[in-house]
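Numbering (the working numbering), first residue to last: 4 to 332. We treat Cβ as the ideally placed atom computed from N, Cα and C, and that holds for glycine. For clarity, every value in this text was computed on a predicted model and none was experimentally measured. Data block below; observations after.
Following this line, the structure appears as structure tokens:
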């Protein structure tokens with residue numbers, strides 16, 4: 004368990020990081036999505052949840068924002084549960100593409116999208132979620148995301164979804180191309196609706212941290228004790244986050260930061276340190292790769308200064324000296 008002194012150490016460390024990166028120059032910001040998000044340029048929330056349920060939050064952790072690409076992680080997990088690794092791998096791989104998230108490129112040798120963290124693969128993963136129709140598939144996704152966050156009221160923001168559906172030509176074109184190549188089957192409008200509905204679910208940085216902590220805790224929500232995903236699939240999900248989660252900066256991220264993570268163009272990042280804790284950050288200013296500038300900077304310092312790279316020597320970690328519970332799940 005995290006004792007009070009350890010809890011305060013982590014709080015102080017996160018507050019120091021939040022202050023430093025929240026006040027740093029915004030020279031690296033190249034865009035906001037949508038453009039009107041620039042009005043929220045000063046918002047910055049950082050939250051952490053230990054696998055024993057201890058929580059930390061600093062800054063704008065109650066502001067809701069759409070998951071966008073962060074949703075790909077959790078929809079992929081549901082597809083794995085519905086069909087198993089071997090069947091899902093027939094349809095979508097696990098290799099980094101090296102291309103932007105919305106690129107029209109495929110693993111031609113295996114006739115499938117490279118991985119489920121880019122749009123092509125995420126569309127295929129969404130189509131693999133079981134359900135009688137799009138409404139049923141979306142209901143299953145929402146119910147599962149509620150388990151991850153512990154928020155029974157979590158839902159799709161209809162206004163955000165409607166806007167996504169109005170400006171969705173590229174994803175529709177991608178689906179038609181994949182269907183023509185035999186990579187995608189079924190109704191395209193249904194697939195797109197399911198995918199964009201997941202992207203349009205809104206969360207807070209605090210809820211994002213719980214989602215990360217649930218994966219870190221082997222699929223059990225550490226606040227509610229409810230299982231969100233079978234432990235057998237957690238390794239696959241977190242592995243793909245590590246290798247493919249940060250758009251076309253994934254290789255650099257895996258080497259220099261070394262924390263399994265997934266970003267979204269709304270400015271959120273979810274991080275998972277297995278058996279340790281989950282982290283959620285939110286800041287809407289994006290770099291050239293579509294990743295949150297402040298979120299990336301904070302995670303980089305967590306790795307470099309506090310020794311949280313997953314392959315670092317355990318002796319390097321000075322992050323709060325947080326106890327790692329020895330529990331059987």
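Contact check, residue i vs residue j under 8 Å by CB: the rounded distance?
i	j	result
residue 112	residue 119	At roughly 18 Å, the Cβ-Cβ gap does not stay under 8 Å, so residue 112 and residue 119 are not in contact.
residue 56	residue 226	5 Å
residue 82	residue 132	6 Å
residue 254	residue 116	That pair is no contact at about 18 Å.
residue 199	residue 157	Not quite, the Cβ-Cβ distance comes to about 16 Å (not below 8 Å), so this is no contact.
residue 102	residue 251	6 Å
residue 205	residue 69	5 Å
residue 195	residue 71	Contact doesn't hold; Cβ gap of about 15 Å is too wide.
residue 137	residue 197	5 Å
residue 309	residue 320	7 Å
residue 246	residue 235	Not a contact, Cβ separation roughly 19 Å.
residue 203	residue 241	Actually they do not touch by this definition, with Cβ atoms about 24 Å apart.
Taking the beta strand (DSSP E) that residue i falls in, what are its first and last residues?
i	result
residue 276	271 to 276
residue 280	280 to 285
residue 264	264 to 266
Leaving aside the five residues before and after residue i along the sequence, list all residues of the same chain whose C-beta is less than 8 Å from its C-beta, in chain order.
i	result
residue 306	259, 260, 261, 262, 312 and 315
residue 109	115, 116, 117, 123, 181, 184 and 186
residue 302	260, 262, 264, 272, 274, 282 and 284
residue 40	269, 270 and 287
residue 331	Reliability fails at residue 331, whose pLDDT of 39 lies under 50, so the model's placement of it is uncertain and no value is given.
Excluding sequence positions up to five away, which residues of its chain have a Cβ less than 6 Å from the Cβ of residue i?
i	result
residue 201	74, 78 and 144
residue 17	49, 59 and 61
residue 297	24, 47 and 286
residue 229	150
residue 6	none
residue 97	118 and 243
residue 65	207
residue 248	120, 264 and 265
residue 293	250 and 268
According to DSSP, what are the bridge partners of residue i?
i	result
residue 50	60 and 283
residue 204	159
residue 69	205
residue 110	115
residue 223	230
residue 289	34 and 295
What first and last residue would you give for the alpha helix (DSSP H) that runs through residue i?
i	result
residue 244	234 to 247
residue 23	7 to 25
residue 86	74 to 94
residue 41	Note, residue 41: premise wrong, no alpha helix (DSSP H); not H, not E.
residue 309	296 to 309
residue 181	172 to 183
residue 122	122 to 130
residue 143	137 to 152
residue 231	Segment: none, residue 231 is in no alpha helix (DSSP H) and carries neither H nor E.
residue 293	Residue 293 -> no alpha helix (DSSP H), and no H or E assigned at all.
residue 259	253 to 259
At a cut-off of 7 Å, would you count residue i as near the ligand SAH, judging by its Cβ distance to the nearest heavy atom?
i	result
residue 35	This structure does not include the ligand SAH; it has no bound ligands of any sort.
Cutting at 7 Å between CB atoms, please list the residues of its own chain near residue i, excluding the five before and the five after it.
i	result
residue 162	none
residue 185	114
residue 153	213, 224, 226 and 227
residue 85	131, 132 and 133
residue 329	In this predicted model, residue 329 has a pLDDT of only 46, less than 50, meaning its place in the structure is not dependable; the value taken from the coordinates is given anyway. If we look at residue 329 and ignore the five residues flanking it on each side, it has no Cβ neighbours.
residue 54	216, 219, 220, 225, 278, 279, 280 and 328
residue 105	122 and 173
residue 231	147, 150, 151, 217, 222 and 224
residue 233	84 and 222
residue 304	20
Could you check whether the Cβ of residue i sits closer than 8 Å to any Cβ belonging to chain C?
i	result
residue 200	Note that chain C does not occur in the displayed structure, where there is just one protein chain.
Check whether the region 209 to 223 and the region 277 to 293 are in contact - that is, three or more C-beta pairs closer than 8 Å. yes
Are the region 28 to 35 and the region 288 to 295 in contact at 8 Å, needing three or more beta carbon pairs? yes
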